[in-house]
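Residue numbers (the working numbering): 66 to 638.
Heads up, the beta-carbon is just placed ideally off N, CA and C, and yes, glycines get one too.
Heads up: the structure comes next, in structure tokens.
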Amino acid sequence: MKSETMTTEQLSRSAQEAAQNSASDAAARQERVTAAEAIVRVLEAYGVDAVHGVISIHNLPVADAIGRRGQIRFVAARGEAGAAAMADGHGRHSGLGVVLTSTGAGAGNAAGALMEALNAGTPVLHITGQVERDYLDRDASFIHETRDQVSLLRGCSKAVFRILHPQQAVAVTQRAIQEAIRLPAGPVSIEIPIDVQAAMVDLPCAIQRLPLPAPARDDRAVAALAARLLAAQRPMLWVGGGAIAAAAAVLRLAELGVPVVSSTHGRGILPDGHPRSLRAFHNATGVARLLAESDLVIVAGSRLRSNETATYSLPLGSCRVQIDIDPAACNRNYPMDAFVLGDCADVLDKLAEALQAAPKHDPLRDRDICSATIAAEYALREQLGAYAVLSDALRSALPDDGIFVRDITMSGSTWGSRLLNFQQPRQNIHSLAGAIGLALPTAIGCAIANPGRKVMALIGDGGLMLNIGELATAVQEQLDMVLLVMNDGGYGVMRGIQQKYFGDRQYYNQLHAPDFHALAGAMGMRAWKLDDCSNFDAVLRAAVAHPGPALVEVNMAAIGPLHFSGPPQKRLY
């Protein structure tokens with residue numbers, strides 16, 4: 066009995082000693098790093114391959130950790146506005162864009178591009194510095210300080226987090242990333258005081274990517290919608306950016322007889338060449354008539370934006386059902402007969418399964434779809450004149466997998482948004498917030514995220530001046546992209562609006578601009594000028610074939626006028 070007791074005690078003592086030794090070994094193995102490096106390790110664990118930013122005294126610990134570890138590419142933008150737009154472009158393709166800015170004015174400079182990411186539903190992580198903890202929110206005139214930076218960021222971010230203790234760095238960064246990528250996605254900001262960035266912290270033994278919870282789905286509502294679809298005689302599907310991941314399901318529904326119209330953000334979800342694609346011609350007379358005559362319009366992942374619905378006056382059938390991952394989307398812009406909570410790809414796939422046994426093939430309706438699309442394109446070509454030829458030349462020159470990023474400019478809002486054909490989603494990128502000047506840096510982010518694919522950015526002379534310094538970023542990074550500058554000497558869209566609504570009183574729309582061709586040469590970019598329709602094909606093919614950054618300036622005064630007075634809207638003036 067004594068022998069057995071001694072053996073048990075010895076085993077217990079041995080186990081305790083082994084546990085202590087193991088804990089001691091683990092402590093010895095545990096790394097101590099700065100909180101800034103802990104954040105960078107989280108980015109690495111989530112597969113981030115690039116950070117876009119501007120270094121500053123209030124973010125150098127993070128930048129230093131990126132540089133020392135050498136696993137993430139740092140793209141040095143010329144301004145925070147450009148850096149945030151680059152992260153937006155990158156995030157639209159990679160699943161998470163990351164931008165690093167300074168404090169105060171530096172964070173404020175990024176606000177416009179963060180608003181764009183919020184409108185587009187782009188997952189972006191914005192990391193910004195802060196003043197030392199002891200001076201936070203004291204209005205102490207600490208360098209780079211701004212009053213209530215959190216509130217500034219809250220207006221342009223999906224969520225905002227503040228890291229006040231170095232031990233929070235990993236957990237808060239993981240939570241912020243999860244919030245950015247959780248549908249509906251959007252930009253999330255983290256602010257970190259400079260002394261917290263530099264503080265030492267014990268790094269967890271393993272930093273892992275956390276799983277996202279499965280999105281909710283209302284199965285009863287899905288079943289009810291399937292029944293509506295089976296009973297409908299003239300159904301129509303309207304897809305927006307929230308349905309980008311639903312391309313396979315949308316194609317199945319189109320093949321089963323359901324015509325599809327797309328928001329401009331949803332271009333390519335159904336290939337433009339599909340016979341049941343009405344593309345983005347929602348305001349064209351024939352397409353608007355088909356929408357009005359539909360007995361069921363299913364709106365999948367679209368906000369039904371004002372510029373695409375004539376300020377919410379476009380008739381959308383006798384029955385409307387909305388599918389969205391965000392319950393707050395219900396009845397946001399149009400009254401709905403029903404709402405289905407769920408991921409568009411999941412719900413539309415269920416609808417396609419239900420429709421498989423009773424497809425909606427209707428030769429007469431297919432004929433009407435074809436006629437409406439042809440008529441819409443014909444009318445647009447008549448409006449565009451020589452610029453339709455330019456669009457065709459660009460489509461011919463750009464590879465099938467090429468990415469087209471367009472600014473808010475007359476060409477972008479006419480042939481760029483509707484005439485230029487695309488067969489895949491995320492090939493036609495634009496500003497959903499309606500802000501000018503974002504195309505160049507957004508295209509840079511797209512190019513960083515898509516090595517091996519050609520990127521073309523379309524921008525006006527006025528818009529280019531807002532982020533013109535990012536030409537240097539494109540050259541420094543040696544990106545395979547072409548910048549197509551539509552130069553009409555000012556704000557052409559405003560001229561059209563002033564002509565239509567303000568008795569042709571033309572004020573403040575003439576802008577001095579540099580010689581873009583010469584500027585490109587000074588930056589080290591290949592450059593061409595276009596001032597004759599006969600040169601469109603040759604010049605664009607040469608620019609696209611050039612393996613690196615290039616610029617093509619289009620002299621619109623020589624080509625001829627482009628008539629555009631803004632999107633259809635209610636008369637307000």
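- For secondary structure counted as the alpha helix (DSSP H) over 4 or more consecutive residues, the stretch 244–284 holds these complete runs in sequence order: 259–263.
- Beta-bridge analysis with DSSP links residue 303 to 326, 364.
- DSSP places residue 199 within a helical segment (H, G or I) once states are collapsed to three.
- In the DSSP assignment, residue 389 falls within the beta strand (DSSP E) that extends over 385–389.
- Residue 519 is a Cβ neighbour of residue 466, given a cutoff of 9 angstroms.
- Excluding the 5 residues flanking it on each side, residue 119 has same chain C-beta neighbours closer than 8 angstroms at 141, 142, 143, 144, 145, 148, 165, 166, 167, 171, in chain order.
- For the pair residue 312 and residue 428, the CB atoms are not nearer than the 9 angstroms cut-off.
- For the options 208, 189, 187, the alpha carbon positioned closest to that of residue 196 is the one of 208.
- In this structure, DSSP gives residue 482 a helical state, which the three-state scheme calls helix.
- With the rule of 3 Cβ pairs closer than 8 angstroms, the stretch 517–534 does not count as touching the stretch 586–593.
- Contact between the stretch 548–564 and the stretch 605–622 is present: three or more C-beta pairs spanning the two stretches fall below 8 angstroms.
- For residue 119, the three-state secondary structure derived from DSSP is coil.
- Within the model, the alpha-carbon separation for residue 571 versus residue 562 is close to 10 angstroms.
- Contact between residue 264 and residue 99 holds, since their C-beta atoms are separated by about 7 angstroms, short of 8 angstroms.
- Per the Cβ contact rule, the stretch 218–237 is in contact with the stretch 247–261 (3 or more Cβ pairs under 8 angstroms).
- When 597, 267, 109 are compared, the shortest CA-CA separation from residue 161 is found for 109.
- Per DSSP, residue 594 is not a residue of any alpha helix (DSSP H); the beta strand (DSSP E) it occupies stretches across 591–595.
- Ranked by Cα distance from residue 359, the first of 302, 241, 316, 492 is 302.
- With a threshold of 16 other beta carbon atoms within 10 Å, residue 216 falls short and is exposed.
- 450 is the residue among 150, 361, 388, 450 whose C-alpha sits nearest the C-alpha of residue 621.
- Under the criterion of beta carbons closer than 8 angstroms, residue 425 and residue 351 do not qualify as touching, at roughly 19 angstroms.
- Per DSSP, residue 227 is one residue of the beta strand (DSSP E) stretching across 224–227.
- Within the DSSP bridge table, the entry for residue 522 names 470, 548 as partners.
- A check of alpha carbon separations from residue 500 across 123, 121, 136, 177 identifies 177 as the nearest.
- Separation of the CB atoms of residue 460 and residue 486 is rounded to 6 angstroms, and the pair is thereby assigned contact status at 8 angstroms.
- Between the C-alpha atoms of residue 589 and residue 496 there is a straight-line separation of about 28 angstroms.
- In the DSSP assignment, residue 618 falls within the unbroken beta strand (DSSP E) covering 615–620.
- In the three-state reduction of the DSSP assignment, residue 97 falls in the strand class, which pools E and B.
- When secondary structure is reduced to three states using DSSP, residue 349 falls in the coil class, being assigned neither helix nor strand.
- Counting of Cβ neighbours within 10 angstroms places residue 331 among the buried residues, the total reaching 16 or more.
- As the crow flies, the alpha-carbon of residue 396 is around 8 angstroms from that of residue 404.
- In this structure, residue 325 keeps its C-beta atom at 9 angstroms or more from the C-beta atom of residue 464.
- The stretch 424–473 contains, as complete beta strand (DSSP E) runs of 3+ residues, the segments 468–471 (chain order).
- In the DSSP annotation of this structure, the continuous segment of the alpha helix (DSSP H) that includes residue 540 starts and ends at 535–541.
- Across the structure, residue 96 and residue 198 are spaced so that their CA atoms are roughly 25 angstroms apart.
- Assignment of beta-bridge partners to residue 166 by DSSP yields 193.
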